[in-house]
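In full-length UniProt numbering, the protein residues as written are 1 to 195.
Even glycine gets a Cβ: it sits at the ideal position worked out from N, Cα and C.
All values derive from a computational prediction rather than experimental measurement.
Please read the structure below before turning to the comments.
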Amino acid sequence: MTLQNPELLLPHGFDYIKHVMSYSKGIALYEYLVANLNWQQPQIQVFGKLHRIPRLQSFIADNDVNYSYSKQTLSSEHWPSVLDDMRMRLQKTYGYRFNALLVNWYRDGNDCMGWHSDDEPELGINPFIVSISLGASRKFVIKEKTSKTTYNILLENGSGLLMHSTSQSGYQHALPKQTRVKGGRINLTFRSVGQ
1 MTLQNPELLL PHGFDYIKHV MSYSKGIALY EYLVANLNWQ QPQIQVFGKL
51 HRIPRLQSFI ADNDVNYSYS KQTLSSEHWP SVLDDMRMRL QKTYGYRFNA
101 LLVNWYRDGN DCMGWHSDDE PELGINPFIV SISLGASRKF VIKEKTSKTT
151 YNILLENGSG LLMHSTSQSG YQHALPKQTR VKGGRINLTF RSVGQ
């Protein structure tokens, strides 16, 4: 069963904000980050074999922050001023301290992210994560863990998705392949690690 219309039918713990920034600012930030971040493509183990992840990523964090997923500790970069300014605004708006930012660059519709929950121990119970999309629109899918009900959201340039409450303990999410999408998308996920 798939439920449509994200503004009306999002599950508890997910809030979609269509305009976090203007279209032109979103595209300008996308282009700046593509050119200026230190992009990595680490390997993860799947069914006993090593594979490069199907996207590029950069991990930005405060000096004392360590974060791991899929049995891999990410090496961190210092905060670029444009992303540090964004972090300060988000902290003021939502009342959470964000000490880490995972940036994923999906270069086209072939790059993707499989089903997962952001439920690593370092994030604590029921983490508050702010996700901001830049560049090409991509379908984002949420699946309830017990009923398997799915929700499709089109994440557009300049939009935001808040994930909180039971969004990680009760649900999984994914960014499936969309081979017709030719443009790139960057996803910024502001997190509180080890707090």
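Sorted by chain position, which residues of the same chain lie with C-beta nearer than 8 Å to Gly-183's C-beta, five sequence neighbours on each side aside? If you number the sequence shown from 1, residue 183 lands on position 183. The answer, listed in chain order, is Asp-108, Gly-135 and Ala-136.
Only counting the same chain, and skipping five residues up and downstream in sequence, which positions put a Cβ closer than 7 Å to that of Pro-11? Position 11 of the sequence shown, counted from the start, is the residue given in the question as residue 11. Contacts found: Ile-142, Glu-144, Tyr-151 and Tyr-171.
On the CB-based measure, 16 or more other CB atoms within 10 Å of its CB, does Val-46 come out buried or exposed? Against the sequence shown, residue 46 aligns to sequence position 46. Val-46 comes out exposed.
Candidates Ser-147, Pro-176, Ala-35 and Glu-122, of which the one nearest Lys-71 by Cα: By one-based count along the sequence shown, residue 71 stands at place 71. Comparing C-alpha distances from Lys-71 to each of Ser-147, Pro-176, Ala-35 and Glu-122 shows the shortest one belongs to Glu-122.
Specify whether the region 154–169 and the region 12–20 touch according to this definition: at least 3 beta carbon pairs, one from each stretch, less than 8 Å apart. Using a Cβ-Cβ distance cut-off of 8 Å, the region 154–169 and the region 12–20 are in contact, since at least three pairs of beta carbons, one from each stretch, lie closer than that value.
Roughly how many whole angstroms lie between the Cα atoms of Lys-148 and His-173? Within the sequence shown, the letter at position 148 stands for residue 148. Within the sequence shown, the letter at position 173 stands for residue 173. Each residue's Cα considered, the two are about 11 Å apart.
Measure the Cβ-Cβ separation of Ile-44 and Leu-101 and say whether it is below 8 Å. Stepping through the sequence shown from its first residue, residue 44 is reached at position 44. Stepping through the sequence shown from its first residue, residue 101 is reached at position 101. No, these two residues do not count as a Cβ contact at 8 Å.
From this set, Ser-133, Tyr-67, Met-88 and Val-82, which residue's C-alpha is nearest Asn-36's C-alpha? Within the sequence shown, the letter at position 36 stands for residue 36. Residue Val-82 holds the alpha-carbon nearest to the alpha-carbon of Asn-36 among Ser-133, Tyr-67, Met-88 and Val-82.
What is the DSSP secondary structure of Lys-92, counted as helix, strand or coil? Here residue 92 corresponds to residue number 92 of the sequence shown, with the count starting at 1. Helix, per DSSP.
Start and end of the alpha helix (DSSP H) containing Asn-36? By one-based count along the sequence shown, residue 36 stands at place 36. 23–36 is the span of the alpha helix (DSSP H), which, as asked, contains Asn-36.
Output the residue ranges of the beta strand (DSSP E) runs that lie fully inside the region 94–178 and measure 3 residues or longer, sorted by chain position. The qualifying runs are 100–106, 113–116, 129–135, 138–144, 150–155, 160–163 and 171–175.
How many angstroms separate the CA atom of Glu-7 from the CA atom of Ser-76? The residue given as residue 7 occupies position 7 in the sequence shown. The residue given as residue 76 occupies position 76 in the sequence shown. Reliability of the predicted coordinates at Glu-7 is poor, the pLDDT of 48 falling under 50, and no value is obtained from them.
Under a three-way DSSP split, which group does Val-193 fall into? On the sequence shown, position 193 is the one that residue 193 refers to. Val-193: coil per DSSP, three-state reduction.
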